[in-house]
Ligand code: HEM
Ligand code: SF4
Ligand code: SF4
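Residue numbers (our numbering): 4 to 526.
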């Protein structure tokens with residue numbers, strides 16, 4: 004295994020352990036590590052909202068800018084001061100969350116194939132975020148601004164882009180004028196606008212984007228920021244004075260870390276690091292990867308153009324086009340570059356119902372590596388073999404807890420690409436064709452490798468999403484367990500509990516009418 008692969012594997016196992024540990028206090032839906040992108044967007048909205056207020060009170064004249072910002076913190080500490088602190092701390096939080104999000108996506112190997120676009124569009128966002136953050140500190144025009152402006156221009160001077168040293172010319176006392184500040188503000192508003200545009204591009208090829216975290220996470224984050232703002236208000240350092248060298252200053256390590264880094268190394272080392280890491284991030288997708296999984300395939304004869312696969316696909320890989328042979332009807336079309344091979348579309352297609360009597364079950368949209376027909380055949384063969392007092396069919400996710408070891412004479416395990424591949428009618432089919440109970444296992448909330456599998460599965464089984472499980476199916480005979488890759492024990496315990504519950508239940512009280520499509524296949 005290469006050094007990179009070993010490093011990534013180690014990082015992913017550490018990340019997963021921390022993520023799973025946070026499930027206990029937060030619960031899956033509120034787990035911050037599972038919603039880093041959404042928290043990043045939320046923090047950005049706080050930055051934008053508070054920034055708008057700061058902009059309205061800011062005097063952009065060279066002599067007034069420092070005092071107009073200082074006024075907020077001193078005279079208007081209860082509003083302007085708090086908003087200024089929120090602006091600063093939400094920006095710091097944004098940097099932290101962005102870097103964690105980057106490391107998480109890298110650790111889980113989410114930088115190639117159908118995620119290539121999200122990955123490549125994410126990288127320029129880091130540069131934009133830092134450009135906006137560093138520029139923000141200059142506006143205050145205190146000694147920290149002076150230090151940052153000088154250090155940045157010195158850093159820029161090292162690049163062969165200016166004909167003469169910018170630091171010397173541009174930071175001479177008489178070169179700092181009102182126009183300079185107006186330009187600074189344009190930059191400080193323009194770069195975040197570019198960032199927002201970049202973020203739109205970043206997520207626009209993903210469906211059902213996690214735009215905002217849960218209400219609890221939003222309120223908790225806002226409360227933490229307000230408390231921080233009151234306990235440690237963001238204040239200016241002494242005013243800039245180009246005639247003196249700044250002394251000891253209040254520093255922001257989240258945004259301005261690059262300056263001390265330049266101090267202890269050199270501009271050459273810092274640029275090599277910045278360009279090197281950026282080039283590495285761009286190069287990651289070129290590394291050898293496991294062969295891509297086969298993509299979904301549409302069968303025109305069995306597609307009715309109902310749009311359900313379009314609504315459920317997590318990666319916006321499906322579009323609807325006019326049906327070539329049925330005027331007035333639509334046909335699903337898959338974009339192979341975007342398809343994740345998750346099978347969630349096959350689970351959503353109404354034609355995937357196993358109750359169709361056809362010898363070979365051909366559905367509207369299917370996965371060549373795990374067709375719905377093979378699922379039905381495997382289920383029928385397994386049901387024919389099951390023995391014992393309480394026969395259970397366990398539908399499991401190939402990426403979740405390992406269910407194979409639980410297969411036994413009274414337990415059939417049917418593996419799915421993602422639990423979202425399960426058409427709900429299979430649950431009813433299993434119960435009517437001989438199972439006493441059906442256990443469906445999906446990854447923990449927010450932990451689906453394909454983003455939405457566990458959500459859609461639960462909603463379909465609860466009757467909240469089409470195609471839904473029929474209400475005639477007795478809830479007591481169905482159990483859903485959320486168990487990710489490290490949760491083998493949890494799954495085993497849930498199976499044992501489910502079995503003992505079924506054992507204690509009268510066998511005939513809630514039975515569905517038996518159903519047999521044809522003579523069961525020979526085991
Ligand atoms: C600037 C801050 C960023 C924000 C606010 C942000 C936000 C988001 C959001 C909201 C999503 C969709 C998550 C979902 O709905 O499941 C997402 C996905 C993604 N982001 Fe970012 N992102 C940022 C930066 C980055 C960076 C720097 C990278 C890496 C270079 C990156 C890589 C990805 C990838 C690979 C996905 C796809 C995840 C998947 O398909 O499961 N993002 N991002
Ligand atoms: S396999 Fe997954 S990503 Fe591909 S079209 Fe179906 S739902 Fe979309
Ligand atoms: S869910 Fe099935 S029938 Fe509906 S549009 Fe998609 S492929 Fe066609």
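The C-beta atom is built at its ideal place from N, Cα and C for all residues, glycine as well.
Note that the structure is predicted; figures quoted are calculated from it, not measured.
Asked: Just to confirm my understanding: we take residue 473, look at its own chain, exclude 5 residues before and 5 after, and list those with CB closer than 7 angstroms. What are they?; Found: 431
Asked: For residue 16 and residue 67, I'd like the C-alpha separation in whole angstroms.; Found: 52 angstroms
Asked: Checking 8 angstroms against the spacing of the C-beta atoms, do residue 382 and residue 400 come in under that value?; Found: no
Asked: Three-state secondary structure (DSSP) at residue 526?; Found: Reliability fails at residue 526, whose pLDDT of 45 lies under 50, so the model's placement of it is uncertain and the value that follows must be treated cautiously. If DSSP states are grouped into helix, strand and coil, residue 526 belongs with coil.
Asked: Which class does residue 195 belong to by DSSP, given the choice of helix, strand or coil?; Found: helix
Asked: Whole-angstrom Cβ separation of residue 310 and residue 40, contact assumed at under 8 angstroms?; Found: So it is not a contact: roughly 26 angstroms between Cβ atoms.
Asked: Just to check, is the beta-carbon of residue 103 closer than 7 angstroms to a non-hydrogen atom of ligand 1?; Found: no
Asked: Which residues mark the beginning and the end of the beta strand (DSSP E) in which residue 461 is found?; Found: Run containing residue 461: none in the beta strand (DSSP E); it sits in the alpha helix (DSSP H), 456-464.
Asked: Smallest Cα separation from residue 163: which of 274, 405 and 193?; Found: 274
Asked: Looking only at its own chain, which residues have a Cβ that is under 8 angstroms from the Cβ of residue 64, when we skip the five neighbours before and after it?; Found: 181 and 184
Asked: What do you get for residue 526, buried or exposed, if any count of 16 or more other CB atoms within 10 angstroms of its CB means buried?; Found: Its pLDDT being 45, under 50, residue 526 is placed unreliably in this model, and the value from its coordinates should be taken loosely. Answer is exposed; the Cβ neighbour count stays below 16.
Asked: Quick check on residue 81: buried or exposed, where buried means 16 or more other Cβ atoms within 10 Å of its Cβ?; Found: exposed
Asked: Do residue 404 and residue 486 have their beta-carbon atoms positioned less than 8 angstroms apart in this structure?; Found: yes
Asked: Is the region 278-296 in contact with the region 131-139, if contact means three or more CB pairs nearer than 8 angstroms?; Found: no
Asked: Would you tell me roughly how many angstroms separate the C-alpha atoms of residue 300 and residue 28, rounded to the nearest one?; Found: 41 angstroms
Asked: Looking at the strands, I want to know which residues DSSP matches up with residue 106.; Found: Beta-bridge pairing links residue 106 to no other residue.
Asked: Are residue 438 and residue 483 touching if we call contact CB-CB under 8 angstroms?; Found: no
Asked: From the DSSP secondary-structure annotation, give me the bridge partner or partners of residue 324.; Found: 334
Asked: Tell me whether the region 226-242 and the region 112-125 touch, counting them as touching only if at least three CB pairs, one residue from each stretch, are closer than 8 angstroms.; Found: no
Asked: On the three-state DSSP scale, how would you describe residue 282?; Found: helix
Asked: With H, G and I counted as helix, E and B as strand and the rest as coil, what does DSSP make of residue 482?; Found: strand
Asked: Are the CB atoms of residue 425 and residue 453 nearer to each other than 8 angstroms?; Found: no
Asked: According to DSSP, what are the bridge partners of residue 242?; Found: 145
Asked: May I ask you to report which of helix, strand or coil DSSP gives residue 399?; Found: strand
Asked: Using 7 angstroms as the cut-off, classify the Cβ of residue 213 as near or not near the heavy atoms of ligand 1, replying yes or no.; Found: yes
Asked: Among the residues of its own chain, which have a CB less than 7 angstroms from the CB of residue 198, if the five just before and after it don't count?; Found: 128, 131, 132 and 135
Asked: In terms of alpha-carbon separation, which member of 307, 146 and 267 lies closest to residue 252?; Found: 146
Asked: Just to confirm, are residue 31 and residue 449 a CB contact at a threshold of 8 angstroms?; Found: yes
Asked: Going by C-alpha to C-alpha distance, which of 34, 506, 415 and 371 sits closest to residue 342?; Found: 371
Asked: According to DSSP, is residue 442 helix, strand or coil?; Found: strand
Asked: Within 10 angstroms of the Cβ of residue 519, are there 16 or more other Cβ atoms? Answer buried if so, exposed if not.; Found: exposed
Asked: Is it the case that the CB of residue 308 approaches a heavy atom of ligand 3 more closely than 7 angstroms?; Found: yes
Asked: Grab the span of the beta strand (DSSP E) containing residue 418 for me, first residue to last.; Found: 414-419
Asked: Here's a check: name, in chain order, each residue in its chain whose Cβ is nearer than 6 angstroms to the Cβ of residue 96, leaving out the five neighbours to either side.; Found: 46
Asked: Classify residue 369 as helix, strand or coil using the three-state DSSP reduction.; Found: strand
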